[in-house]
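So the sequences go chain by chain: Z and W. Heads up: the first sequence begins at 1 in the working numbering, then just goes up one per residue. Heads up: the second sequence begins at 1 in the working numbering, then just goes up one per residue. Yeah, the Cβ is synthetic: ideal placement off N, Cα and C, and Gly gets one too.
There are 2 protein chains.
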Amino acid sequence: MIIPEGFLFSAVSCEIKKKGKLDLGLIFCETEGTSWGVFTKNTVKAVPVILGKKLVKEPVTKGILVNSGVANACTGEEGLRRAQKLLSETSRLLKISEKSLLPASTGLIGEQLPLDKMLPKISELVANLSRENYILFSQAIMTTDTFPKIVSRTTQEGIKILGIAKGAGMIAPNMATMLAFILTDGEVPKSQLKKLLPKLVDQSFNTITIDGDTSTNDTVYMLSSNIKVIKNWKEFENKCREVVKELAYLIVKDGEGASKVIKIIVKGVTTKKDAQKLAQAIANSLLVKTAFYGEDPNWGRIFAAMGKTGIVFNPEEVEIYLNGIPWIKNFKSVTEENIIKEEMKKYELELLIKLKLGKISYELLTCDLTEEYVKLNAYYRS
Amino acid sequence: MIIPEGFLFSAVSCEIKKKGKLDLGLIFCETEGTSWGVFTKNTVKAVPVILGKKLVKEPVTKGILVNSGVANACTGEEGLRRAQKLLSETSRLLKISEKSLLPASTGLIGEQLPLDKMLPKISELVANLSRENYILFSQAIMTTDTFPKIVSRTTQEGIKILGIAKGAGMIAPNMATMLAFILTDGEVPKSQLKKLLPKLVDQSFNTITIDGDTSTNDTVYMLSSNIKVIKNWKEFENKCREVVKELAYLIVKDGEGASKVIKIIVKGVTTKKDAQKLAQAIANSLLVKTAFYGEDPNWGRIFAAMGKTGIVFNPEEVEIYLNGIPWIKNFKSVTEENIIKEEMKKYELELLIKLKLGKISYELLTCDLTEEYVKLNAYYRS
């Protein structure tokens, strides 16, 4: 894995989650870092989101402190007090300004951070900082994720970009119960980060949906150690985009209980908003999701989901393709059902819906809905 | 069961569904009936919906012909031709005007009505008409329903009202893959029916949601045999409301795979639209639904679902009650978790959410999400 210059990582277990599992992670920037953040649009915001929104406005960022197991959402004044205590204790030991450490949390809503377990572990967390520990860090931020999500790229002029994310359930535009941290050693002034990060998020994490739910804690931070001058800005941006798009893909791939990744492309619509609505209606329809899980070419459910949006279109003009194979034209299956059934058995599916209303397209990544999703979420806390 | 005067019922098996199961039903009105209908708002409308919308405008209605197994949706010109053939053949044998027979269908989208199996059965269907066969009729309209849904009431002046419905999956406001037929022997002119029926639907079938999906075929017909003069209109309307509300309850109770019925009441909101949005966000959140299934008092998911709506409220002011027990106040559980857990084991749950924004309330009935739902819908056609 390519690790950008100027970053150290660490993780410890405070036993917030099950015994022995890593649940507190730290990214430290050895230089005067610059950061920006994009946060959940849920009107119920977790404490770290409220704090992070302010702290990314500071000129210097030295690190990111993340815990999993407890979301510190719906925790009121006490939650704020605890988060601040955790940040101040960590910055004291790191010998940095309290305002240069960004917080993020993921886990159960409505529970307080167990400071009695966490504070005694911070010296160990700080002592363990190393370049190699990015793997431990990526594990410490996992909740129902089944694998750590790490992606990296280098530009031709040697600028390194590393992305680490966690996702799993509740992944709906915008964003999800997802945290992502994009690190680079390229020099990016805050004014540029402010433009770049929302664009990257819009093209990646905002185009995925697992179950239509949006969390209280969604956070994407981008942090630059400002070590290398970027000459080819365009290539840098492209590589950043590759990193976030791949992370978004990995999040869907690891959607709770998911057995398939489905790309939904809606073409030929008059506005982006309508194209998005149609794609989301299909992606979030439990009936469509379960049909994909059951590998059942029950295409009527796709039409029903589209019609539910209230967008007016002539369904007879809609064409549907599965993995490039013409499937439905003029309300008729134009390929033998067995062939479509066989195609549906694949792990990666691309569902293309062509309308004849306009010229706008929209793409969305989603997954199927399985019994495993229900099991996972019914007994999440047990 | 109380059967209104002037109605006969029948059902046969055309083997559209599995061998031997009833799948074609007929309601016949012996007098000059009056009808009205309320239909799906899905922009993809099934053929019987397109036809029904026109036919309820006719002055006289003599009957309702319903099939299950094939929805006759997304079937184009051929679907229209087949539905008309079926209606004309049935009215010919009933010796009534073709325009006085209302159609309804439920089942798979995208398949044509198998007329070769259906037409030969119509003489038997007509021959079997009787007052008692309402039970067979109620079975013939079932798809994934596990029990027939029949409710009746009589007013003090002896006006009888009978409601027969089918529901199961895809039940979201407005309406669902649901069909309901409300029959009465009270005299109700069409001008009154036009006002009464939408009101009844709004207070019953539009306040339930199973999985957030809306079907192409939703239809509620009300048909009066006009035999008895209604003097106490208010009592009549109340009894009608009882019938549709109970039918709506039965539909949720029989939601696909449902193990619990949950009434969600949102109080203290400024507009009906907002109250509705909040209730629907909670009711349709897979995370809330699975938490109820798992009997897990994970209240943070309720807040996350509410916040997703974008409606601004102070979450610390929100109070949550379960079956009347104060549960959450000021972000804290005010009752021991074990007591709430025990309460969640009940089959019928009432979740009351009190906000402090305004004075508007909204109620919604829903059910939990179980592995059984996924199984049922993944392998619906097998």
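Answer yes or no: do S138/W and K149/W have a C-beta to C-beta separation smaller than 9 Å?
In the second sequence, residue 138/W corresponds to position 138, counting from 1. In the second sequence, residue 149/W corresponds to position 149, counting from 1. In this structure, K149/W lies closer than 9 Å to S138/W by Cβ.
Secondary structure at F205/W, three-state DSSP: helix, strand or coil?
Counting from one through the second sequence, the residue named residue 205/W turns up at place 205. F205/W: helix per DSSP, three-state reduction.
Given a cut-off of 9 Å on the beta-carbon distance, is the pair D23/W and A140/W in contact?
The residue you call residue 23/W lines up with position 23 of the second sequence. The residue you call residue 140/W lines up with position 140 of the second sequence. Result yes, Cβ atoms of D23/W and A140/W sit closer than 9 Å.
Does C74/Z get closer than 9 Å to chain W when you measure Cβ to Cβ?
As a working mapping, residue 74/Z is identified with position 74 in the first sequence. By this cut-off, C74/Z is an interface position.
Specify the secondary structure class of D185/Z as computed by DSSP and reduced to three states.
Indexing the first sequence from 1 puts residue 185/Z at position 185. If DSSP states are grouped into helix, strand and coil, D185/Z belongs with the strands.
For T61/W and N226/W, which I take to be in contact (beta-carbon distance under 8 Å), what is that distance rounded to the nearest angstrom?
Start at 1 with the first residue of the second sequence, and residue 61/W comes out as number 61. Start at 1 with the first residue of the second sequence, and residue 226/W comes out as number 226. Contact doesn't hold; Cβ gap of about 11 Å is too wide.
Please list the terminal residues of the continuous alpha helix (DSSP H) segment that includes C240/W.
If you number the second sequence from 1, residue 240/W lands on position 240. Counting along the chain, the alpha helix (DSSP H) containing C240/W begins and ends at W233 to K253.
Check each candidate in I164/W, P114/W and K21/W and name the one with the smallest Cα separation from P4/W.
Taking the second sequence and counting its residues from 1, one reaches residue 4/W at position 4. P4/W has its Cα closest to that of I164/W, out of I164/W, P114/W and K21/W.
Return helix, strand or coil for Y387/Z, following the three-state DSSP convention.
Outside the modelled stretch of chain Z, which goes from 1 to 382, sits residue 387/Z, for which no answer is possible.
Tell me which residues of the region 247-259 of chain W have at least one Cβ-Cβ distance to chain Z shorter than 8 Å, keeping chain order.
none
Taking V44/W as the query, report the chain Z residues whose CB atoms sit under 7 Å from its CB, ordered along the chain.
The residue given as residue 44/W occupies position 44 in the second sequence. Here the neighbours are F303, A304, M306, G307 and P315.
Strictly under 9 Å for the Cβ-Cβ distance: is L286/Z near chain W by that measure?
Taking the first sequence and counting its residues from 1, the one referred to as residue 286/Z is at position 286. Output row for L286/Z: interface = yes.
Please confirm if D202/W has its CB atom under 9 Å from at least one CB of chain Z.
Within the second sequence, numbered from 1, the residue matching residue 202/W stands at position 202. False, the Cβ-Cβ gap to chain Z never drops below 9 Å.
According to DSSP, which residues form a beta bridge with P120/Z?
Within the first sequence, the letter at position 120 stands for residue 120/Z. P120/Z pairs with nothing; no bridge assigned.
Would S130/Z pass as a contact of S10/Z if the rule is Cβ separation under 9 Å?
Taking the first residue of the first sequence as 1, we reach residue 130/Z at position 130. Taking the first residue of the first sequence as 1, we reach residue 10/Z at position 10. Contact flag set, yes.
Quick check: the Cα distance between Y347/Z and A248/Z, rounded to an integer number of angstroms?
If you number the first sequence from 1, residue 347/Z lands on position 347. If you number the first sequence from 1, residue 248/Z lands on position 248. Y347/Z and A248/Z: Cα-Cα distance of roughly 17 Å.
When you compare the region 256-275 of chain W with the region 28-45 of chain Z, are there three or more beta-carbon pairs, one atom per stretch, that lie closer than 8 Å?
no
Do you know offhand how far L351/W's Cα is from I340/W's?
One-based indexing of the second sequence puts residue 351/W at position 351. One-based indexing of the second sequence puts residue 340/W at position 340. The straight-line gap from Cα to Cα measures roughly 12 Å.
Compute the Euclidean distance between the alpha carbons of S68/W and L376/Z, then round it to the nearest angstrom.
For the purposes of this step, residue 68/W is taken as residue 68 along the second sequence, with counting starting at 1. For the purposes of this step, residue 376/Z is taken as residue 376 along the first sequence, with counting starting at 1. Roughly 35 Å separates the two Cα atoms.
Under the rule that 16 or more other beta-carbon atoms within 10 Å means buried, what is M118/W, buried or exposed?
Along the second sequence, one-based indexing puts residue 118/W at 118. Flag for M118/W reads buried.
Quick check: does the Cβ of Y321/W come within less than 8 Å of any heavy atom belonging to the ligand FMN?
The ligand FMN is absent from the structure shown, which contains no ligand whatsoever.
Taking the DSSP output, what are the residues bridged to A165/Z?
Counting from one through the first sequence, the residue named residue 165/Z turns up at place 165. A165/Z pairs with K149/Z and A180/Z.
How would you write the range of the beta strand (DSSP E) that I135/Z sits in, first residue to last?
In the first sequence, the residue the question calls residue 135/Z occupies position 135. Premise fails: I135/Z lies in the alpha helix (DSSP H), Y134 to A140, not in any beta strand (DSSP E).
E316/Z by DSSP, collapsed to three states: which one?
As a first step, residue 316/Z is located in the first sequence; it is residue number 316 there, counting from the start. The answer is helix: DSSP assigns E316/Z an H, G or I state.
Could you spell out where the alpha helix (DSSP H) holding Y221/Z opens and where it closes?
For the purposes of this step, residue 221/Z is taken as the residue at position 221 of the first sequence. It is not in any alpha helix (DSSP H) - Y221/Z instead sits in the beta strand (DSSP E) that spans T219 to K228.
By the three-class DSSP mapping on this structure, what secondary structure does P379/Z have?
Taking the first sequence and counting its residues from 1, the one referred to as residue 379/Z is at position 379. The sequence as given places Tyr at residue 379/Z; Pro does not occur at that position. The answer is coil: DSSP assigns Y379/Z none of H, G, I, E or B.
Please report the Cβ distance between L65/Z and P103/Z, rounded to the nearest whole angstrom; I am assuming they are in contact, meaning their Cβ atoms lie under 8 Å.
Position 65 of the first sequence holds residue 65/Z. Position 103 of the first sequence holds residue 103/Z. Confirmed, about 6 Å.
Could you tell me if E316/Z is buried or exposed, where buried requires 16 or more neighbouring beta carbons within 10 angstroms of its beta carbon?
Residue numbering aside, residue 316/Z sits at position 316 when the first sequence is read from its first letter. So E316/Z counts as exposed.
So if I threshold CB-CB distances at 9 Å, which residues from the region 366-380 of chain W count as touching chain Z?
D368, L369, T370, E371, E372, Y373, V374, K375, L376, N377, A378, Y379 and Y380
Less than 9 Å between the C-beta atoms of Y321/Z and D368/Z, yes or no?
Residue mapping note: residue 321/Z aligns to position 321 of the first sequence, counting from 1. Residue mapping note: residue 368/Z aligns to position 368 of the first sequence, counting from 1. Taking 9 Å as the Cβ cut-off, Y321/Z and D368/Z do not qualify as a contacting pair.
Which bits of chain Z does Y293/W rub up against, with CB to CB less than 8 Å?
Translated into the one-based positions of the second sequence, residue 293/W becomes position 293. Under the 8 Å cutoff, chain Z gives V374 and A378.
Applying the criterion that 16 or more other CB atoms from any shown protein chain within 10 Å of the CB defines a buried residue, is M1/W buried or exposed?
As a first step, residue 1/W must be located in the second sequence, where it is residue number 1. Exposed.
Which word fits D185/Z, buried or exposed, when buried means at least 16 other C-beta atoms lie within 10 angstroms of its C-beta?
What you label residue 185/Z is simply residue 185 of the first sequence in a count that begins at 1. Answer is buried; the Cβ neighbour count reaches 16.
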